[in-house]
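For reference, the structure discussed in these notes is given below.
2 protein chains.
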Amino acid sequence: MNTTTTDRTAPIGIFDSGVGGLTVLKEILELLPFENFVYFGDVGRTPYGGRSKEIITQFTKQDIAFLNEQKVKFIICACNTASSTALPDICKDYDIEIIGVIEPGAKAAVKQTQNGKIGVIGTNATINSNAYASYMHAIDPKLKVFSLACPLFVPLVEEGYIDKEATYLIARDYLQTMKDVGIDTLVLGCTHYPLLRNVITDIMGDSVRLIDSGEESANESFRRITTTELIHPNGSQVPSPEGDLKYFVSDVPEKFSSVASRFMGREINNIARVDISKY
Amino acid sequence: MNTTTTDRTAPIGIFDSGVGGLTVLKEILELLPFENFVYFGDVGRTPYGGRSKEIITQFTKQDIAFLNEQKVKFIICACNTASSTALPDICKDYDIEIIGVIEPGAKAAVKQTQNGKIGVIGTNATINSNAYASYMHAIDPKLKVFSLACPLFVPLVEEGYIDKEATYLIARDYLQTMKDVGIDTLVLGCTHYPLLRNVITDIMGDSVRLIDSGEESANESFRRITTTELIHPNGSQVPSPEGDLKYFVSDVPEKFSSVASRFMGREINNIARVDISKY
Chain Z
7 MNTTTTDRTA
17 PIGIFDSGVG
27 GLTVLKEILE
37 LLPFENFVYF
47 GDVGRTPYGG
57 RSKEIITQFT
67 KQDIAFLNEQ
77 KVKFIICACN
87 TASSTALPDI
97 CKDYDIEIIG
107 VIEPGAKAAV
117 KQTQNGKIGV
127 IGTNATINSN
137 AYASYMHAID
147 PKLKVFSLAC
157 PLFVPLVEEG
167 YIDKEATYLI
177 ARDYLQTMKD
187 VGIDTLVLGC
197 THYPLLRNVI
207 TDIMGDSVRL
217 IDSGEESANE
227 SFRRITTTEL
237 IHPNGSQVPS
247 PEGDLKYFVS
257 DVPEKFSSVA
267 SRFMGREINN
277 IARVDISKY
Chain X
7 MNTTTTDRTA
17 PIGIFDSGVG
27 GLTVLKEILE
37 LLPFENFVYF
47 GDVGRTPYGG
57 RSKEIITQFT
67 KQDIAFLNEQ
77 KVKFIICACN
87 TASSTALPDI
97 CKDYDIEIIG
107 VIEPGAKAAV
117 KQTQNGKIGV
127 IGTNATINSN
137 AYASYMHAID
147 PKLKVFSLAC
157 PLFVPLVEEG
167 YIDKEATYLI
177 ARDYLQTMKD
187 VGIDTLVLGC
197 THYPLLRNVI
207 TDIMGDSVRL
217 IDSGEESANE
227 SFRRITTTEL
237 IHPNGSQVPS
247 PEGDLKYFVS
257 DVPEKFSSVA
267 SRFMGREINN
277 IARVDISKY
């Protein structure tokens, strides 16, 4: 990696299979408001979670190629599926630093657990990759890690089924095993899952600590950027001027615009479309 | 259209956004067992139902281009989303006959209704297109057509949530309006929905007739093929030899293989992968 020649005024790139990564963007914006950001949401090919490793890797490479064309200085892969299934094999192929959500989420969980029993929930691809468990075991081989795919959580969140009885029933089906084995820490291994925090807490009980891997990766990115030569020169100004935000999507921008405005709590109009299959 | 020069031994092409179209293939195989078939399932980009008209049209054109390269003699678009959102604008651009699922489903419903009140359920894109209602009104402008998107039905079916309490609760949420307005006929405007037939009948009652648009389009294709010069010469042999079946998908074949074997009730191994973004 060659950070010394990097243009520190260049934007930070964030990508996700869809809109979920906006929660990570929102977190990091609070920490680094003076940085410029480029967000790419692959809404034209979302969701990644049920696809094969091969195609997730192909999509992830295209997402990174697009951000590199935008001359970003640092990349955050906000998608758990891409972070777990594609990144470990491909991130060494790039000069630019790319951070995923697995390592920060796993680290936080290992730090948090007291009884050594950690649960991980995510999409089929994230769970099949075993990435969270592998990383946790690299830190401490004695940990007991229980991983479970919850494929209905994403569509339930996207349809606004947040506090409904049906969602509780489905969440109870999924999470009963996690209760039975007595985990004390549960990693929300998908950017959509924090929206079901209330349902999950009701089922698991207050004693189980929930880890939001998106939040953890925003914190980790903040640490890496502020401790390297990557930080924008405006960061040293008081008050620092606000950075630019650019949004790109792989389907028409209209639908993304309304969802993104809701996620970000501000009107978002400057969204451009990208034909991502060309990258 | 120029059917007189068509090679009658050429295969019939069927495509869908994923696996749902296999139900249509199964129906038509029983009617035309001596024909050759090529099935394409766009599992690498499924589902289509929540995407924009623009991208659904782009995907549909690529699906048709692939089948044309296979030199098919007739195309069945088994996907309701593609049939309603893309086909009406593009099918005139092709020499080959392309049949969608909307027209056959709409016709069957109009024939069936006695009180003139018809319900249509489907994906967001299918309902937004208003294709079923437009076609029904072209037949009889006095019909009252009530259209409703049920976006959670596809993931529920794909996760095997067929007879669960959560599925009943969600279906009741969706279908209550249809009960209130007193429809006597309900079009299942998505190839996944017939798998929820029991749940839907329990909620709507036995007096509401369900129309399976996939089944209707298989019947309609049978009529068109047998009444034109398209029928395979083997059809006149008794007993007629069985035709060939070829399967193509846009992600790795392994997962499709197990689902397809279940749908078709026979072991399916001859599945090839296609990079559909190149078409």
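Those sequence lines, one after another, are chains Z and X.
Under our numbering, the residue at position 174 of the first sequence is numbered 180, and the numbers go up by one with no gaps.
Under our numbering, the residue at position 229 of the second sequence is numbered 235, and the numbers go up by one with no gaps.
Quick reminder that beta carbons are idealized off the backbone N, C-alpha and C, glycines included.
A distance below 9 angstroms separates the beta carbons of residue 39 of chain Z and residue 246 of chain Z. In chain order, 46, 72, 254, 255, 256 place their CB closer than 8 angstroms to the CB of residue 280 of chain Z, counting only its own chain and leaving out the 5 sequence neighbours on each side. Under the Cβ criterion (8 angstroms, minimum of three pairs), the stretch 153 to 160 of chain X counts as touching the stretch 122 to 130 of chain X. If you draw a straight line from the Cα of residue 16 of chain X to the Cα of residue 107 of chain X, it comes to about 22 angstroms. The stretch 263 to 272 of chain X makes no contact with the stretch 57 to 68 of chain X; the number of CB pairs closer than 8 angstroms stays below 3. Using a Cβ-Cβ cut-off of 9 angstroms, residue 49 of chain Z counts as an interface residue toward chain X, since at least one Cβ of chain X sits closer than that to its own. Close partners of residue 257 of chain X in chain Z (Cβ separation under 8 angstroms): 57, 58, 60, 61. For residue 175 of chain Z, the C-beta contacts it makes with chain X under 9 angstroms involve 170, 171, 172, 175, in order along the chain. For residue 161 of chain Z, the closest Cβ of chain X is nearer than 9 angstroms.
Take residue 188 of chain X, set aside five residues on each side of it, and the residues of its chain with a beta-carbon closer than 8 angstroms to its own are 121, 123, in chain order. Counting along the chain, no beta strand (DSSP E) covers residue 202 of chain X, and no H or E run does either. When rounded, the separation of the alpha-carbon atoms in residue 104 of chain Z and residue 171 of chain Z is 40 angstroms.
Counting the other Cβ atoms within 10 Å of the Cβ of residue 268 of chain X gives fewer than 16, which makes it exposed. By the criterion of a C-beta distance shorter than 6 angstroms, residue 177 of chain X is surrounded in its chain by 205, 209, once the five residues flanking it on both sides are discounted. Contact between the stretch 139 to 151 of chain Z and the stretch 71 to 85 of chain Z is absent: fewer than 3 CB-CB pairs across the two stretches fall below 8 angstroms. Residue 74 of chain X is a Cβ neighbour of residue 102 of chain X, given a cutoff of 9 angstroms. Distance check between residue 199 of chain Z and each of Z:230, Z:219, Z:13, Z:114 places Z:219 closest, using alpha-carbon atoms only. At least 9 angstroms separates the beta-carbon of residue 70 of chain Z from that of residue 227 of chain Z. Within the stretch 128 to 161 of chain X, the residues whose Cβ lies closer than 9 angstroms to any Cβ of chain Z are, in chain order, 157, 158, 160, 161.
The beta-carbon separation of residue 53 of chain Z and residue 24 of chain Z, rounded to 7 angstroms, stays under the 8 angstroms limit for a contact. By the CB criterion at 9 angstroms, residue 221 of chain X and residue 29 of chain X fall inside the cutoff. In this structure, the beta-carbon distance from residue 217 of chain X to residue 192 of chain X falls below 9 angstroms. Close partners of residue 165 of chain X in chain Z (Cβ separation under 7 angstroms): 157, 158. Contact note: residue 283 of chain Z reaches chain X through 283, using a C-beta cutoff of 7 angstroms and chain order. In the structure shown, residue 267 of chain X falls within a helical segment according to DSSP collapsed to helix, strand and coil. By DSSP's assignment, residue 18 of chain Z forms a beta bridge with Z:43, Z:80.
Interface flag for residue 208 of chain Z against chain X is unset, since no Cβ pair is found closer than 9 angstroms. Ranked by Cα distance from residue 155 of chain X, the first of X:277, X:142, X:180 is X:180. Restricted to the stretch 116 to 176 of chain Z, the beta strand (DSSP E) segments that are unbroken, complete and at least 3 residues in length are 123 to 128, 150 to 155, listed in chain order. The beta carbon of residue 261 of chain X falls within 9 angstroms of a beta carbon belonging to chain Z, placing the residue at that interface. For residue 179 of chain X, the nearest beta carbon of chain Z is closer than 9 angstroms to its own beta carbon. Each residue's CA atom was taken as its position, placing residue 111 of chain Z and residue 284 of chain Z some 32 angstroms apart. A direct Cα-Cα distance of roughly 7 angstroms separates residue 252 of chain Z from residue 277 of chain Z.
Assignment of residue 26 of chain Z by DSSP, reduced to helix, strand and coil, places it in the coil class.
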